[in-house]
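Visitor:
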Amino acid sequence: MGSAVRVVGGWAADKWGGINALSAIFGVIIICMIAAGFNIGIVGTTIIFMICFAALGAGNGALFQLVPLRWPLTTAVAGSMIGEIGALGGSFLPNAMGISQGKTGSFFWGFMSFAILAVIAFIVLRIAQRKWTKVWVEKGGRAKIKIQDVEFEIHTHVPDLVKTHEREIHGEKYAYRTIIYPVGNSELGEKAREQAAYLSKTTGSKIILLYVDEKFHTTGVLATDSPEWETVRQNWIATGKEMLISEAKKLKDMGATNLEVVFGQGDVAHEIVTLAKERAAELIILASHVSSPVGKLLMGSRTHNIFKESPCPILRIVR
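Count the sequence shown with my numbering and you get residues 1 to 319, in order.
This is the structure:
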C-alpha cells in the first residue's frame, strides 16, 4: 500500500509543494495513530492501518520531491542517507509496541509514542520551513525562482559559434583593452573585484564579467524532460544571473563603468578560455579560494586548464 501510494505523494508535492503535502500527511498519520490506539475492532483497525500506511508512502514521495531542490548536485547521496535514517526509524514502532505490551498489557502507548513522534516531526518541519522558504524553496515547498529587474543586459555565451579574433598590439606600449573577470564564490572575490575596478579605471579597458553555470553540465546524465527538472534548471540560471548583476553593480559603484555581462553554461575552464579567445582579451583575472601555504603553490585542475589553454596573461588572486 505504501509503495503504491508513493507516486501520489510525489504528484501532490509537485502540485501543491512538498512542505504543504508533508504537513497534511503528518496530520493524517497523527490522527490514525491516535485512533488505532483505541479498541475499535479488527475491521476498523485494519482500515486505519491501510490509511496510515498509504499516508506514510505518500510522505516518502513528498519528501523526495524536496531532496533535489535542496541538494541538486548530490541528490543520490542525500537520498541514500535519508533512506538509511528512515530504516533506523522503522525499528522504533515494533520496539515501542513491544515495550507498551510488556509494561501495560496494551498497545495503546506504542501507538501514542508514534503519534507523539509524528507531532514532533510536524513541529520541526513547520519551524524549519521558515528558513527553507527564505533560501532554497518557495512557499509551500515548490522550486524557487528568483526574478529581478536588471539594469545590465546579460548576453548568453555560445562558444565555438563566434569567430576568434586575432590579437593586435598598436604602438610600442601594450595596454589592456579587454579583461575577462569570471564571477564565482571565491573568498577572495572582493580583492579580485578591487583589482578589476582599478585596472578598468586606469587603462579604460572593458571588463567582461562571466558567470558559468556548470551544474546542468555536470548533472546531464540525471536530466529529464520533466517540468520539475526544468524548474530546477531555470532556478540555477536565475541564481547565476543574479550573481552577475550583483557583481556588476559593485564594480559600477567602484567607478568601473565599461562593463559587459555574459552568462555561460558548460565547463568553466573551457568557457573562460573560449571567451578570452573570442574577445581577444589581454588579461584574465582569477580569484582563487583561500588555501594553505602549500596549496598556494599548487592549483586545481580547473585553474590548471585555464593556465594551460589561456591565450593571454592571467592575474591570479591567491591572498
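Where is the CB? At the ideal position from N, CA and C, for every residue including glycine. Just so you know, these numbers come straight off a predicted model, no measurement behind them.
1. Quick check for students: name the residue ranges of the alpha helix (DSSP H) that lie wholly in the segment 222 to 288, counting only runs of 4 or more.
2. Evaluate contact between the segment 58 to 68 and the segment 78 to 91, counting only Cβ atoms and requiring at least three cross-stretch pairs below 8 Å.
3. Going along the chain, which residues of its own chain have a beta-carbon closer than 6 Å to the beta-carbon of residue 110, five neighbours each way excluded?
4. Taking all protein chains shown into account, decide if residue 251 is buried (16 or more other Cβ within 10 angstroms of its Cβ) or exposed.
5. Alpha carbon to alpha carbon, what distance is there between residue 238 and residue 275?
6. Is the beta carbon of residue 188 less than 8 Å from the beta carbon of residue 269?
7. If we ignore side chains and look at the alpha-carbon of each, how far apart do residue 150 and residue 244 end up?
8. To the nearest whole angstrom, what separates the beta carbons of residue 210 and residue 264, a pair I think is in contact under 8 Å?
9. Using C-beta distances below 7 Å, list every residue in its chain close to residue 197, excluding the 5 sequence neighbours before and after it, in chain order.
10. Between the Cα of residue 321 and the Cα atoms of 31, 128 and 139, which residue gives the shortest distance?
11. Hey, would you say residue 344 sits closer than 8 Å to residue 61, going by beta carbons?
12. To which residues does DSSP link residue 316 through a beta bridge?
13. Could you pull the DSSP bridge partners for residue 182 from this structure?
14. CB-CB under 6 Å to residue 191, same chain, minus the five flanking residues each way: which ones, in chain order?
15. Hey, would you say residue 53 sits closer than 8 Å to residue 2, going by beta carbons?
16. Can you find the residues in the same chain that come closer than 7 Å, C-beta to C-beta, to residue 305, ignoring five residues on each side of it along the sequence?
17. In chain order, what residues of the same chain lie with their CB nearer than 6 Å to the CB of residue 212, ignoring the 5 residues before and after it?
Guide: Taking the structure as given:
1. The qualifying runs are 227 to 253 and 268 to 278.
2. Remark: three or more beta-carbon pairs, one from each stretch, lie closer than 8 Å, so the segment 58 to 68 and the segment 78 to 91 are flagged as touching.
3. Your numbering for residue 110 matches position 110 in the sequence shown. Cβ within range, chain order: 96, 97 and 100.
4. Taking the first residue of the sequence shown as 1, we reach residue 251 at position 251. Buried, since its Cβ has 16 or more Cβ neighbours within 10 Å.
5. Residue numbering aside, residue 275 sits at position 275 when the sequence shown is read from its first letter. Residue numbering aside, residue 238 sits at position 238 when the sequence shown is read from its first letter. Approximately 21 Å, taken between the alpha carbons.
6. Numbered from its first residue, the sequence shown carries residue 188 at position 188. Numbered from its first residue, the sequence shown carries residue 269 at position 269. It is not a contact, given that the beta carbons lie outside the stated cut-off.
7. Mapped onto the sequence shown, residue 150 falls at position 150. Mapped onto the sequence shown, residue 244 falls at position 244. The pLDDT assigned to residue 150 is 46, lower than 50, so where the model puts this residue is not dependable; a value taken from the coordinates is nonetheless given after this. One C-alpha to the other measures close to 10 Å.
8. As a position in the sequence shown, residue 210 is number 210, starting the count at 1. As a position in the sequence shown, residue 264 is number 264, starting the count at 1. With a Cβ gap of about 6 Å, residue 210 and residue 264 count as contacting.
9. Counting from 1 along the sequence shown, the entry for residue 197 is found at position 197. Apart from sequence neighbours up to five positions away, the residues of its chain that approach residue 197 with a beta-carbon distance below 7 Å are 251, 254, 255 and 256, ordered along the chain.
10. Outside the shown range of the chain, which is 1 to 319, sits residue 321, and nothing can be said about it.
11. Outside the shown range of the chain (1 to 319) lies residue 344, about which nothing can therefore be said.
12. The residue labelled residue 316 in the question sits at position 316 within the sequence shown. Per DSSP, 286.
13. Against the sequence shown, residue 182 aligns to sequence position 182. Per the DSSP secondary-structure output, residue 182 pairs in a beta bridge with 210.
14. Here residue 191 is taken as the residue at index 191 of the sequence shown, counted from 1. Closer than 6 Å at Cβ, skipping near neighbours: 317.
15. Taking the first residue of the sequence shown as position 1, residue 53 is located at position 53. Taking the first residue of the sequence shown as position 1, residue 2 is located at position 2. It is a contact, given that the beta carbons lie within the stated cut-off.
16. Position 305 of the sequence shown, counting from 1, holds the residue named residue 305. Spatial neighbours of residue 305 in its own chain (CB-CB distance under 7 Å, excluding positions within 5 residues in sequence) are listed in chain order as 269.
17. If you number the sequence shown from 1, residue 212 lands on position 212. Once the five neighbours on either side are set aside, the close Cβ partners of residue 212 are 264, 268 and 271.
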